[in-house]
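Asker: If you're matching positions, the sequence shown starts at 3 in this note's numbering and goes up one per residue.
Please find one structure pasted underneath; my questions will follow.
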Amino acid sequence: MSQAQPATASPETKEKDTIVVSGIQPSGTLHLGNYFGAIRQHISLHREHEAYFFIVNYHALTSLHDAEALAHYTMDVATTYLALGFDPEEAHLFIQSDVPEVTELAWIFYNLTPVSHLEKGVSYKDKIAQGLSPNAGLLNYPVLQAADILIYGGTLVPVGADQKQHIEMTRDTAGRFNHTFCDDDAPLFTLPEPLILDDVSVVPGLDGRKMSKSYGNTIGLFDEGKDLKKKVMSIVTDSTPLDEPKDPEADNVFALIKLFASDEKREEIAEAYRAGGYGYGHAKKELLGMIDSYFAEARERRRELKQRPDYVRDVLREGARNARAQAEPIMDRVREAVGIVSATR
Ligand code: TRP
């Protein structure tokens with residue numbers, strides 16, 4: 003080939019022992035909790051390893067029944083990843099449903115999955131407790147997730163601590179498949195490892211509880227101007243008077259500041275808290291400036307990308323093409339192992 007090669011490793015040249023896979027829910031506007039809890043790590047991992055990141059619209063459908071919203075959030079997640087620096091030359095970004103083999107594999111896995119295990123799912127029980135309808139999609143959610151991971155031969159799955167059980171279920175599923183359909187010395191699936199993303203980044207929301215769409219306490223990644231200011235100013239603090247010393251480690255504003263500030267800056271602000279004479283209003287102003295400048299470039303890039311929906315589509319199409327190329331030979335082996343014959347293929 004006479005073409006110039008990119009300076010960084012392309013997906014074709016990265017070592018293949020580690021295959022990173024992860025899904026992102028398109029069920030709401032992405033917020034600081036999503037960013038520090040997962041997106042930031044996804045962005046750094048995608049440069050280091052061969053990686054498949056997909057927008058899990060079929061998973062979102064288990065709880066979101068609004069066509070316009072689902073379609074909107076799906077494209078919004080893609081735009082957000084690209085705005086934050088996801089480089090499509092480095093790894094694959096695509097929409098889950100653009101690889102239809104995933105649902106085919108999930109169907110095969112259903113037949114190996116005890117319903118009693120699914121009913122014990124922590125995440126399933128949580129969602130029911132939050133008032134979601136216990137439909138079959140919600141119950142079977144972890145099986146689709148197992149298909150998501152195993153269909154690309156994923157070995158490393160970066161997820162939040164709340165997903166640990168789902169990765170264990172994926173490992174069980176892989177083991178059960180190998181045991182049922184493969185010779186002992188020729189297992190089809192490798193058991194993937196979870197990469198549990200730092201709990202340091204449990205990001206407090208406006209009310210001090212974990213930042214979460216379901217609590218309505220989020221700061222959006224691209225909030226700006228008056229809207230951002232209003233949210234930051236509404237962060238709950240205690241009522242220690244301005245001139246009294248304060249414990250930075252007990253304050254929500256400081257917990258957010260820590261995510262953005264350099265070590266030096268963080269120490270400086272912590273000192274000010276402890277010294278007294280520094281109020282929560284000061285801290286909020288500081289935080290506001292930090293959020294605003296931290297995401298300034300990404301906001302700008304996102305504005306540009308919004309003008310180029312065709313480019314975003316092209317990236318997703320190319321990502322899906324590569325993902326399918328990875329999935330197809332694995333699916334062929336699965337069908338053969340199980341005895342699903344075809345008169346047309
Ligand atoms: N359940 C994951 C979450 O809520 C999203 C997800 C779907 C996922 N499929 C996946 C994560 C595969 C990792 C791998 O965050």
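Every residue gets a Cβ at the ideal spot worked out from N, C-alpha and C, and that includes glycine.
Fair warning: this is a prediction, and the values are worked out from it, not measured in the lab.
(1) Which of the three DSSP states, helix, strand or coil, is assigned to F55?
(2) Can the beta-carbon of H33 be found less than 9 Å from the beta-carbon of I293?
(3) For N113 and R337, what's the separation of their Cα atoms in angstroms?
(4) Output needed for L313: all residues of its chain with C-beta closer than 8 Å, excluding positions within five of it in sequence on either side, in chain order.
(5) Classify I153 as helix, strand or coil using the three-state DSSP reduction.
(6) Looking only at C-alpha atoms, which of G25, S29 and V340 sits nearest to D185?
(7) When the Cα atoms are used, what is the spatial distance from I97 to L290?
(8) Measure the C-alpha to C-alpha separation of H51 and R347 and round it to an integer number of angstroms.
(9) Hey, would you say I332 sits closer than 9 Å to I153, going by beta carbons?
(10) Label G133 either buried or exposed according to how many other C-beta atoms from any shown protein chain fall within 10 Å of its C-beta, with 16 as the threshold for buried.
(11) Taking all protein chains shown into account, do 16 or more other C-beta atoms lie within 10 angstroms of the C-beta of P206, making it buried, or fewer, making it exposed?
(12) Tell me where the beta strand (DSSP E) around S24 begins and ends.
(13) Alpha helix (DSSP H) containing I259: first to last residue?
(14) So what does DSSP say about K308, is it helix, strand or coil?
(15) Using a Cβ-Cβ cut-off of 7 Å (strictly less than) and excluding sequence neighbours within five positions of G177, which residues of its own chain qualify?
(16) Name the two residues that bound the continuous beta strand (DSSP E) containing E195.
(17) Report yes if the C-beta of G25 is less than 8 Å from at least one heavy atom of ligand 1; otherwise report no.
(18) Which whole runs of the alpha helix (DSSP H) in the stretch 124–170 are 4 residues long or more, in chain order?
(19) My output table needs one value for H48: the three-state DSSP class, helix, strand or coil.
(20) Mind checking who I97 pairs with in its DSSP beta bridge?
(21) Quick check: what's the CA-CA separation for G227 versus S295?
(22) Counting along the chain, where does the alpha helix (DSSP H) carrying L120 start and finish?
(23) What are the residues that DSSP puts in a beta bridge with K212?
(24) Mind checking whether the beta-carbon of V58 lies closer than 8 Å to any heavy atom of ligand 1?
(25) Which two residues bound the contiguous alpha helix (DSSP H) that contains T81?
Answerer: Let me spell this out:
(1) For the purposes of this step, residue 55 is taken as the residue at position 53 of the sequence shown. Residue state, collapsed to three classes: strand.
(2) The residue labelled residue 33 in the question sits at position 31 within the sequence shown. The residue labelled residue 293 in the question sits at position 291 within the sequence shown. Not in contact: H33 and I293 (Cβ atoms no closer than 9 Å).
(3) Within the sequence shown, the letter at position 111 stands for residue 113. Within the sequence shown, the letter at position 335 stands for residue 337. Cα to Cα, N113 sits roughly 14 Å from R337.
(4) Against the sequence shown, residue 313 aligns to sequence position 311. Here residue 313 turns out to be Tyr, not Leu, going by the sequence shown. L307.
(5) Here residue 153 is taken as the residue at index 151 of the sequence shown, counted from 1. Three-state DSSP puts I153 in coil, outside helix and strand.
(6) Along the sequence shown, read from residue 1 onward, the residue named residue 185 stands at position 183. In terms of CA proximity to D185, V340 leads the group G25, S29 and V340.
(7) Position 95 of the sequence shown, counted from the start, is the residue given in the question as residue 97. Position 288 of the sequence shown, counted from the start, is the residue given in the question as residue 290. Each residue's alpha carbon lies about 33 Å from the other.
(8) In the sequence shown, residue 51 corresponds to position 49, counting from 1. In the sequence shown, residue 347 corresponds to position 345, counting from 1. Going from the Cα of H51 to the Cα of R347 covers about 33 Å.
(9) The residue given as residue 332 occupies position 330 in the sequence shown. The residue given as residue 153 occupies position 151 in the sequence shown. Yes.
(10) Working through the sequence shown from its first residue, we reach residue 133 at position 131. G133 should be labelled exposed.
(11) Position 204 of the sequence shown, counted from the start, is the residue given in the question as residue 206. So P206 counts as buried.
(12) Residue mapping note: residue 24 aligns to position 22 of the sequence shown, counting from 1. It spans I21 to I26 - the beta strand (DSSP E) in which S24 sits, taken as one unbroken run.
(13) As a working mapping, residue 259 is identified with position 257 in the sequence shown. Per DSSP, I259 belongs to the alpha helix (DSSP H) from N254 to F262.
(14) Residue mapping note: residue 308 aligns to position 306 of the sequence shown, counting from 1. In the displayed model, K308 falls within a helix according to three-state DSSP.
(15) For the purposes of this step, residue 177 is taken as residue 175 along the sequence shown, with counting starting at 1. Once the five neighbours on either side are set aside, the close Cβ partners of G177 are L193.
(16) In the sequence shown, counting from the first residue as 1, residue 195 sits at position 193. E195 -> beta strand (DSSP E) spans E195 to I198.
(17) Here residue 25 refers to the residue found at position 23 of the sequence shown. Yes - ligand 1 has a heavy atom lying nearer than 8 Å to the Cβ of G25.
(18) 124–131 and 138–152
(19) Taking the sequence shown and counting its residues from 1, one reaches residue 48 at position 46. In the structure shown, H48 sits in a helix (DSSP, three-state: H, G or I).
(20) For the purposes of this step, residue 97 is taken as the residue at position 95 of the sequence shown. DSSP, once it has assigned bridges, lists I57 as partnering I97.
(21) Numbered from 1 along the sequence shown, position 225 holds the residue referred to as residue 227. Numbered from 1 along the sequence shown, position 293 holds the residue referred to as residue 295. Spanning the two alpha carbons is a distance of roughly 12 Å.
(22) The residue you call residue 120 lines up with position 118 of the sequence shown. Its alpha helix (DSSP H) spans residues V117 to E121.
(23) Looking up residue 212 in the sequence shown gives position 210. P206, per the DSSP bridge assignment.
(24) In the sequence shown, the residue the question calls residue 58 occupies position 56. At least one heavy atom of ligand 1 is nearer than 8 Å to the Cβ of V58, so yes.
(25) As a first step, residue 81 is located in the sequence shown; it is residue number 79 there, counting from the start. T81 -> alpha helix (DSSP H) spans A69 to A85.
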